[in-house]
């Protein structure tokens with residue numbers, strides 16, 4: 721795991737070892753549609769420079785903004801999917817999956 725591997729729609733491949741929030745997709749037809757990802761640095765004895773994706777935000781014009789992220793090591797989460805803790809937000813408000 722590490723180094724988010726990204727392939728663009730025109731098949732350009734690249735890896736990202738940086739940490740921060742990055743726009744990974746913007747629609748050419750509708751610039752109000754956008755996906756942002758948060759990459760967080762990790763380090764281990766086998767890798768001194770790596771990052772992993774710890775969050776994603778989807779924006780689409782005036783529709784609700786959806787965010788899914790993994791909590792930090794000292795934080796608790798609201799939901800768990802396949803044993804993986806996640807936080808789910810709609811317009812900045814924490815929500816639970818399956819809620820109506």
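Numbering (our numbering), first residue to last: 721 to 820. Built from N, CA and C at the ideal position, the CB exists for glycine as well. Quantities reported herein were computed from a predicted structural model and do not represent experimental measurements.
- For residue 755 against residue 788, the beta-carbon gap comes to about 11 Å, at or over 8 Å, which does not count as contact.
- Ranked by how close their Cα comes to the Cα of residue 781, the residues 805, 729, 746 and 798 have 746 in first place.
- Under the DSSP assignment, residue 787 falls in the beta strand (DSSP E) whose first and last residues are 786-789.
- For the 8 Å CB-CB criterion, residue 809 and residue 817 do not form a contact.
- Residue 734 and residue 775 have their C-alpha atoms some 19 Å from each other.
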